[in-house]
Amino acid sequence: RVFEALVSCVDRDGTIHVIPRSFETALNKLMSDIQCSFKCLGLLEPYCWKKGEACVVRGPDTMWYRGKVVGVGGNALQVQYIDRGFSELIPPCHLYPTTLYTAIPPFCIPCRLHGAAPVGTVWQEGAISCLQELLTNELVQVHAEELPQNPGDRLSISLFFGGMSLASFVIYQKFCVAEGPEDTPALELLEGDAPVLPSYPLPPLPDPGDPFPVTVTHLVTPGEVYICFDPPKSLAQGSAAEGGSSCQLESLEEALRWCNKIVGYLPLLTYFHTDMPCLVEYWDGLWYRGKLLSVREINPVKVLVQFVDYGTFSVVPGTRVRPTPRCLLRYPVRAVRVLLAGIKPAPCDEDTERIPYSPQWSMEALWAMVECVEGKELSASILALSPEVTVSLSEGGTDPVHLRLVETGLAEL
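Counting from 202, one number per residue, gives the positions in the sequence shown under our numbering.
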């Protein structure tokens, strides 16, 4: 009753056509057989097509697909791609009648959204456009709720993407209203007006003394850095149509990828609280998990935020901050703040440029430390958990990374 599926299309009446992942191998074999069997052009001689007649249709990609004539008349026929769900007007020269493969049931399942009815009983154009943009060619999790009562009826499903319920999303957008005796869970956004705001969980730390691989994602000072056990990937890497495991569907990267698709439908923040989780747009145009630290300007609104999976800080306009879906709070932060053991700032003269927020350190020492750790796979070992997490950081398990700063007089042991 729960399966992964690829959404092939969304019809104007709200029908969502899905192809279960378990059908993928059989569908690929059928497509290969069809290409081997039909190497000709379409039917060029006159032919009297009938509604409901089986055929193969040459698609825009020049591949042959199973089809069914659903409308006749004029210079083109309305043909449904039965393994994809959608229909198109096709000229007769791109069709070929056949009874081959008619014993194989369609691989595409027509579905209706469970627990949500369109406002006004008819799906509006804006709602359908939203669903098509959001779902087409995406891998989703499907929960079968009610089986069809009659042949040709649609399967009633709950659909989830990135940990979010599609029914909750369309109801939140006022495209639909909840239907049925049970209430559809509302889309939970942390908009700042909650009496108690939750926070991102921290990742479990390795046992003290055990070395573990890390990357440094942000430096505050040469002695205070953010490290990541599991380096975060770019949102551009990975697609729902690739990989294909349920773990991928439930990963932080996948949830963020979906949030980037729906962020245009999320409201601006109107409440600002310290340490409030949020979505923040970075300079690359993508949205990442963040945490609001303070309001820096009122008109126009500018806020100081931290990107919690990287440790970096930024002052951004209020237009680049959105409430975060609560489902993103299930994933621990990727970047952990730690202090480095065995390093302290070296005395320097008054003319030396200092780090403004930590004047005991020189800017030269900060840039030297950046060169020591940037883009490198390092090894860390926890020495203390309190009062601050303190680690030893080395490259290749040899000398500490800060040894170069000590040798050049920028830091002391």
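Even for Gly, the Cβ is constructed at its ideal location relative to N, Cα and C.
Taking a cut-off of 8 Å on C-beta distances, the segment 279-286 does not touch the segment 313-327, as fewer than three cross pairs fall below it. DSSP places residue 454 inside the alpha helix (DSSP H), whose first and last residues are 453-463. The C-alpha of residue 497 is placed about 35 Å away from the C-alpha of residue 543. Rounded to the nearest whole angstrom, the C-alpha separation of residue 328 and residue 568 is 51 Å. For residue 428, the closest alpha carbon among the candidates 400, 512, 533 and 275 is that of 512. Assigned with DSSP and collapsed to three states, residue 291 falls in strand.
Runs of the alpha helix (DSSP H) spanning 4 or more residues and lying entirely within the segment 299-375 occur at 326-336 and 367-373, in chain order. Residue pairing by DSSP places residue 297 opposite 257 in a beta bridge. If you keep only unbroken alpha helix (DSSP H) runs of at least 4 residues inside the segment 206-273, you get 225-238.
In the same chain as residue 236, and ignoring 5 residues on each side of it, the C-beta atoms closer than 8 Å to its own belong to 264 and 265, in chain order. Around the beta carbon of residue 485, a 10 Å sphere encloses fewer than 16 other beta carbons of the protein chains shown; the residue is thus reported as exposed.
Per DSSP, reduced to three states, the secondary structure at residue 484 is coil, with no helix or strand assignment. The residue from 215, 216 and 222 with its alpha-carbon nearest to that of residue 206 is 222. With fewer than 16 neighbouring CB atoms inside 10 Å of its own CB, residue 472 falls in the exposed class. Across the structure, residue 225 and residue 555 are spaced so that their CA atoms are roughly 60 Å apart. With fewer than 16 other Cβ atoms inside 10 Å of its own Cβ, residue 564 counts as exposed. Residue 607 sits in a helix when the DSSP states are folded into three classes. Residue range 564-574 is occupied by the alpha helix (DSSP H) that includes residue 572, with no beta strand (DSSP E) assigned at that position. Only buried fits residue 529, as 16 or more other CB atoms lie within 10 angstroms of its CB. Look at residue 525 here: in three-state DSSP terms it is strand.
Proximity of the segment 457-471 to the segment 595-613 falls short of the contact definition, fewer than three beta-carbon pairs being nearer than 8 Å.
For residue 379, the enclosing beta strand (DSSP E) begins and ends at 377-379.
Taking each of 400, 208 and 268 in turn and checking the Cα distance to residue 367, the smallest one comes out for 208. Contact check for residue 586 against residue 593 fails: the beta carbons are separated by 9 Å or more.
Here residue 406 carries a coil assignment [DSSP, helix/strand/coil]. Nearest to residue 469 by alpha-carbon distance, out of 391, 307, 311 and 456, is 391.
Across the structure, residue 280 and residue 259 are spaced so that their CA atoms are roughly 11 Å apart. The Cβ neighbour count for residue 401, taken over all protein chains shown within 10 Å, is at least 16; the residue is labelled buried. Cβ-Cβ distances below 7 Å link residue 612 to 423, 544, 545, 546, 547, 566, 603 and 606 in the same chain, with the five nearest sequence neighbours on each side left out; the list follows chain order.
In the three-state reduction of the DSSP assignment, residue 530 falls in the helix class. Annotation for residue 362: 341 and 459 place their beta carbon closer than 6 Å to its own, counting only its chain and skipping 5 residues before and after. Within the same chain, 417 come within 8 Å of residue 575 by CB-CB distance, once the 5 residues on both sides are set aside.
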